[in-house]
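Student: In the working numbering, the protein residues as written are 1 to 250.
The C-beta atom is built at its ideal place from N, Cα and C for all residues, glycine as well.
Note that this is a predicted model, so its numbers are computed, not measured.
Attaching a single structure in C-alpha cells format; questions to follow.
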Amino acid sequence: MTIDYVDQITKSTLGLIELAKKTPQDLEVPTCPGWSILDLLDHVTKVQKRAALRIGKSIDVEVQNDSPSKGIDEAILRSTTALEELTSGFLSADDGAKCWNWTGSNQTVGWMKRRQAQEVTVHLFDALLTSDQSGDTKALVEMANITPELAKDGIVEYFEVFVGRLLAKGSVPEHSLHLHGIGQEGAEWILSNDKGSLVVSEGHQKSDVALRGETPLLLLWTWGRVERDRLEVLGSTEVLSSWEAFLRGI
C-alpha cells in the first residue's frame, strides 16, 4: 500500500492545531518534558517551515522569525501558514527533486515528505497524550491515524535515518533484540551488534529478547512514547533496558 505522506501531514497538523485550541496551556506534554501544547505546536511549525524552504535547494536555509509565539492565536496562524507552504511545495515538486536535509544523503523531496509525515504523526500522538489522559493508548493510536502500514514505514525510516545520531550518543548493546509486529507481513526486525556497529535486518530470528505487539505500538515504543508494558516481552528485561537506553538517546 502506498502511503500518502502529504495527506498524513495535513491531517496530523490540523489535528494538532485543534488540540492546541482546547488543551490548557499549563499542562505539560508528558513525552516532551518542559513543553506545553503551545511549545509543541511551535516546534512542528518550525520544522515544517524549514522543510518548505529547503524544497528545491541543495543547501540549508535559515528560518526567519524563529521566536516563540506570543499566544495560541499567533501559533495557529503560523502553523496554518507553514502547513500550506509545505504541502504546496510538496505537491508542486517531483519526489526526485532536490531538497536539502541534515543526513548528507538522499537529498530529495521524497525523503523529506516521509520525514515530515512521521515527525508530525508522532507529535500528534504527544498532543493526544496531553489532552486525553485516560490511558487508552489504542484509542489514541487510532485518533492519531497511525496505521500498521505507516508504523512499519516509520520503524524502517527510524533505523535508516537516525543510526548516525544513535551511534554518536551511545554504544550498541551487546545482545540482540527482536521487534515483532504481530499480524502484519514483513514487520519483524533483528537489532544486533557487529563489532560496535548497529545491524538492523528484517526477518524472524531467535534473539536475547523479543518485543511483540501491534506495529503502531512498536513504533511509539521506539520513539519513547509508550512503555514496554503495552507490549509483550519475551526474554531478558535487562537486555531490553539496554536497548531502550540506546534507542532513546536521540
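With a threshold of 7 Å on Cβ separation, who are the neighbours of F159 within its own chain once the five nearest residues in sequence on each side are excluded?
Tutor: The answer, listed in chain order, is V200.
Student: Using only the alpha-carbon positions, how far apart do V63 and V163 sit?
Tutor: Approximately 26 Å, taken between the alpha carbons.
Student: What separation, rounded to the nearest whole angstrom, lies between the Cα atoms of K152 and L211?
Tutor: When rounded, the distance between both Cα atoms is 15 Å.
Student: Helix, strand or coil: which one does DSSP assign to I190?
Tutor: Strand, per DSSP.
Student: For a test of the three-state rule: what should DSSP assign to S207, helix, strand or coil?
Tutor: The answer is coil: DSSP assigns S207 none of H, G, I, E or B.
Student: So, for N193: in the same chain, excluding its five sequence neighbours on each side, which residues have a beta-carbon less than 6 Å away from its beta-carbon?
Tutor: Cβ neighbours of N193 beyond the five flanking positions: V172, E174.
Student: Can you pull the DSSP bridge partners for C99?
Tutor: Per DSSP, I55.
Student: Apart from the five residues on each side of it in sequence, which residues of its chain come closer than 6 Å, Cβ to Cβ, to D60?
Tutor: Here the set comprises W100.
Student: Could you check if Q116 is buried or exposed, using at least 16 other CB atoms within 10 Å of its CB as the buried criterion?
Tutor: Per the 10 Å Cβ criterion, buried.
Student: Distance, Cα to Cα, D208 vs L191?
Tutor: Distance between the alpha carbons of D208 and L191 is about 10 Å.
Student: Pick helix, strand or coil for H175, following the three-state DSSP scheme.
Tutor: Note: H175 maps to coil in three-state DSSP.
Student: Do the stretch 118–127 and the stretch 89–97 touch if we need at least three Cβ pairs shorter than 8 Å?
Tutor: At 8 Å Cβ cutoff, the stretches do not touch.
Student: So what does DSSP say about R212, is it helix, strand or coil?
Tutor: Strand.
Student: Going along the chain, which unbroken runs of the beta strand (DSSP E) with 3 or more residues stay wholly within the stretch 106–135?
Tutor: Complete beta strand (DSSP E) runs here, min 3: none at all.
Student: Just to confirm the assignment, what range does the beta strand (DSSP E) spanning S92 have?
Tutor: No beta strand (DSSP E) contains S92, which DSSP labels as neither H nor E.
Student: In three-state DSSP terms, what is G154?
Tutor: G154 falls in the helix class under three-state DSSP.
Student: With DSSP run on the structure shown, which of helix, strand or coil describes V233?
Tutor: Reduced to three states, the DSSP call for V233 is strand.
Student: Under a Cβ-count criterion, where at least 16 other Cβ atoms within 10 Å of its own Cβ denotes burial, should K254 be classed as buried or exposed?
Tutor: Outside the shown range of the chain (1 to 250) lies residue 254, about which nothing can therefore be said.
Student: Leaving out five residues before and five after S176 in sequence, what residues of the same chain have Cβ atoms less than 7 Å from its Cβ?
Tutor: I190, L191, S192, S207, D208.
Student: Tell me the rounded alpha-carbon separation between L217 and G71.
Tutor: Going from the Cα of L217 to the Cα of G71 covers about 33 Å.
Student: Should K205 be labelled buried (16 or more other beta-carbon atoms within 10 Å of its own) or exposed?
Tutor: The sequence given here places Gln at residue 205; Lys does not occur at that position. Exposed: under 16 other Cβ atoms inside 10 Å.
Student: Using 8 Å as the threshold, is the stretch 3–17 in touch with the stretch 137–148, meaning 3 or more CB pairs across them?
Tutor: Short answer: they touch.
Student: Would you list the residues sitting across from G181 in a DSSP beta bridge?
Tutor: Paired residue(s): G213.
Student: Taking the straight line between their C-alpha atoms, what separation do you get for V44 and E185?
Tutor: If I take the Cα positions, the gap works out to 32 Å.
Student: Have a look at S197 and G249 and give me their C-alpha separation to the nearest angstrom.
Tutor: Those two C-alpha atoms are separated by around 16 Å.
Student: Return helix, strand or coil for S79, following the three-state DSSP convention.
Tutor: In this structure, S79 counts as helix in the three-state DSSP scheme.
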